[in-house]
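Engineer: Supplied in structure tokens, the structure appears directly below.
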Amino acid sequence: MIPPADSRRRRRREREIDMVKILIVEDEKPIADLLDMSLTAAGYSCDCLDNGAAAADAVELKRYDLILLDVMLPGIDGFELMEYLAPLGIPVIFITARNAVKDKIKGLRLGADDYIVKPFEIAELLARVETVLRRYHKTESRIAVDDVVVDTQSRVVTKAGETVQLTAKEYNLLVLFLQNKNIALFRETIYERVWENEYMGDSRTVDLHVQRLRKKLGWQERIAAVYKVGYRLEVEE
Ligand code: CA
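With the first letter of the sequence shown counted as 1, position 119 gets the number 259 in my numbering; the numbers rise by one all the way through.
In structure tokens form, the structure reads like this:
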């Protein structure tokens, strides 16, 4: 029998796959902590970084739904980072102590979605985050590829309108693929994200679940095997 604490933790981790992910780039630790705490309490999954270079690396490794970006950062500042982020299409809200009109205009011209001036009210922050996410349909709970539709709220998967029965692991595997369309995922990454355990080199578990998922969705071609790596969900975009 699984101890309750363990199963609670597992359920929380399973939910994290569906959670909206926010990257906080802020070098003032008390403010970063406040943002992290408030947004985590509101149900978002947050990562904090204190410089622009690390943030540029992070957005290549992980899919973020929103970035909260401080303007005054050591090294690459928020405006410079924004020029790098703009083509990626990730929504950005600038957070800064500088209340100068020209900074607001510059941030918005660079493609930021909104602007918050420190000190800010948590309620205002949450409202602005929600508005930007809604604008980008990041709160959308429906993901569709061909005739396969996944509702991440109800965790119901349908193919051509018919419900597909997936196990919890198969479901999490499917969501992981959908969040990483056209990206080759290492077996190790798949294992660690779906099973939440350290990968010990046994690929049969991953292979078996991929085979089951392919069969259930008719995705033999779509979930391609990548030699010496793992698998990739192939989607025309
Ligand atoms: Ca700063």
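C-beta atoms are modelled at their ideal positions from N, C-alpha and C, and glycine is treated no differently.
Classify residue 192: buried if its beta carbon has 16 or more other beta carbons within 10 angstroms, exposed otherwise.
Structural biologist: Its Cβ being crowded by 16 or more others within 10 Å, residue 192 is buried.
Engineer: For residue 326, collect the residues of the same chain with a Cβ closer than 6 Å to its Cβ; drop the 5 residues on either side in sequence, then sort them by chain order.
Structural biologist: Excluding sequence neighbours, residue 326 sits near 369, 370.
Engineer: Going by Cα to Cα distance, which pick from 299, 300, 203, 311 is closest to residue 292?
Structural biologist: For residue 292, the nearest C-alpha among the options comes from 311.
Engineer: Just confirm the distance between the C-beta atoms of residue 161 and residue 224, as a whole number of angstroms; I'd bet it's less than 8 Å.
Structural biologist: Wrong, their Cβ atoms sit about 19 Å apart, outside the cutoff.
Engineer: If you draw a straight line from the alpha carbon of residue 363 to that of residue 299, how long is it in whole angstroms?
Structural biologist: Rounded to the nearest angstrom, the two C-alpha atoms are 16 Å apart.
Engineer: Which residue's Cα is closest to the Cα of residue 251: 226, 210, 297?
Structural biologist: The shortest C-alpha separation from residue 251 is found at 226.
Engineer: Can you determine whether any heavy atom of ligand 1 sits closer than 7 Å to the C-beta of residue 210, and answer yes or no?
Structural biologist: Correct: residue 210 has its Cβ closer than 7 Å to ligand 1.
Engineer: Out of curiosity, what's the CA-to-CA distance linking residue 214 and residue 353?
Structural biologist: Each residue's alpha carbon lies about 46 Å from the other.
Engineer: Scan the region 241-317 and note each continuous beta strand (DSSP E) run of 3 residues or more that stays entirely inside, going in chain order.
Structural biologist: Within the region 241-317, the complete beta strand (DSSP E) runs of at least 3 residues are 254-257, 282-285, 288-291, 296-299, 302-304.
Engineer: Look up residue 199 in the DSSP assignment and say whether it is helix, strand or coil.
Structural biologist: Residue 199 falls in the helix class under three-state DSSP.
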